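S.K.:
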Amino acid sequence: MTNKDGVESVWDYPRPPRMEPTVRHLRVLHQGVVLAETTSALRILETSHPPVYYIPQGDIAMEHMRASSRRSSFCEFKGLATYWTIDVGGQISADAAWSYAAPSAAYAGLKDRLAFYASRVDECWVDGERVEAQPGNFYGGWITRDLRGPFKGAPGTMGW
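What follows is the structure, encoded as structure tokens:
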């Protein structure tokens, strides 16, 4: 829930996660290329995590994306995730994004959308604010100044 100052606490987010549309302006840049730009994303809100934004493939420069050789991972709520590698002029960022080709029924809206790790691209932006990557190498939330933690992902937080 957003407080009177417009700040959301990630500890107010639900579990299982909530999926909701957002019209916030999102941009993902890497190697000087705009990889994604949209105002038609979905965001996933889960207890102790900053939002994860899922961008429609139609708003992504898919010519720079290729299926990753990384094995998939499984989310108990969303299903089987597959990974994407970015290739901009031969500059590779492996496993920089992920998607759900056949998400569970409750998250069917995630089909044909990708989420980007802010830590594996040069820049991610929300409404003109450069985001901070969620700590750790597993989670892919985007931290903005209108969020309050603490955030899961840093060393010592995996048991939360």
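Residue numbers in the sequence shown follow full-length UniProt numbering, run continuously in steps of one, and reach 160 at the last position. Glycine residues also receive a C-beta, built at the ideal position from the N, C-alpha and C atoms. These numbers come from a predicted model, not from an experiment.
1) Please give me, in chain order, every unbroken run of the beta strand (DSSP E) with length at least 3 that falls completely inside the region 89–123.
2) On the DSSP bridge list, what partners appear for G79?
3) Counting only the same chain and skipping the five closest in sequence on each side, list residues whose C-beta sits under 6 Å from that of T38.
4) Mind checking which residues open and close the beta strand (DSSP E) that includes V28?
5) For the beta strand (DSSP E) holding E37, just list the boundary residues, first then last.
6) I'd like to know if the region 4–13 and the region 103–123 are in contact, where contact means that at least 3 CB-CB pairs between them fall below 8 Å.
7) Between A94 and the rest of its own chain, which residues show a CB-CB distance below 6 Å, the 5 nearest in sequence each way excluded?
8) Less than 8 Å between CB atoms is the rule here; does Y139 satisfy it with respect to chain E?
9) Determine the direct distance from the alpha carbon of W142 to that of R120, and round the result to whole angstroms.
10) Would DSSP call W11 helix, strand or coil?
11) Determine the closest residue to Y107 out of V7, G6 and E20, with distance taken between C-alpha atoms.
12) Applying the 10 Å Cβ sphere with the 16-neighbour rule, what's the burial state of P50?
13) Spatial neighbours of R70 within its chain, please: C-beta separation below 6 Å, excluding the five flanking residues on both sides.
14) Would you tell me roughly how many angstroms separate the C-alpha atoms of N137 and G109, rounded to the nearest one?
15) Would you report the Cα separation of F151 and S48, rounded to the nearest angstrom?
16) How would you label K111, buried or exposed, when you count the other beta carbons within 10 angstroms and need 16 or more for buried?
M.R.: Taking the coordinates as given:
1) Listed in chain order, the complete beta strand (DSSP E) runs (minimum 3 residues) inside the region 89–123 are 91–99 and 113–116.
2) To locate residue 79, count along the sequence shown from 1; it is residue 79. According to DSSP, G79 bridges with C75.
3) Position 38 of the sequence shown, counted from the first residue, corresponds to residue 38. Same-chain partners within the cutoff: L26, I55 and D59.
4) Residue mapping note: residue 28 aligns to position 28 of the sequence shown, counting from 1. V28 -> beta strand (DSSP E) spans L26 to H30.
5) The sequence position of residue 37 within the sequence shown is 37, counting from 1. V33 to T38 is the extent of the beta strand (DSSP E) around E37.
6) no
7) To locate residue 94, count along the sequence shown from 1; it is residue 94. Answer for A94: T85, listed in chain order.
8) Protein chain content of the structure displayed is limited to a single chain, and chain E is not contained in it.
9) The residue labelled residue 120 in the question sits at position 120 within the sequence shown. The residue labelled residue 142 in the question sits at position 142 within the sequence shown. Straight-line Cα distance between these residues: approximately 12 Å.
10) Within the sequence shown, residue 11 is the residue found at index 11, counting from 1. In this structure, W11 counts as helix in the three-state DSSP scheme.
11) Translated into positions along the sequence shown, residue 107 becomes position 107. The candidate whose alpha carbon is nearest that of Y107 is E20.
12) Your numbering for residue 50 matches position 50 in the sequence shown. Its Cβ being crowded by 16 or more others within 10 Å, P50 is buried.
13) Working through the sequence shown from its first residue, we reach residue 70 at position 70. Closer than 6 Å at the Cβ level, and outside the excluded window around R70, lie Y83 and D95.
14) Here residue 137 is taken as the residue at index 137 of the sequence shown, counted from 1. Here residue 109 is taken as the residue at index 109 of the sequence shown, counted from 1. Spanning the two alpha carbons is a distance of roughly 25 Å.
15) On the sequence shown, residue 151 is found 151 positions in, with the first residue counted as 1. On the sequence shown, residue 48 is found 48 positions in, with the first residue counted as 1. Cα to Cα, F151 sits roughly 5 Å from S48.
16) Sequence index remark: in the sequence shown, residue 111 carries index 111 (1-based). Flag for K111 reads exposed.
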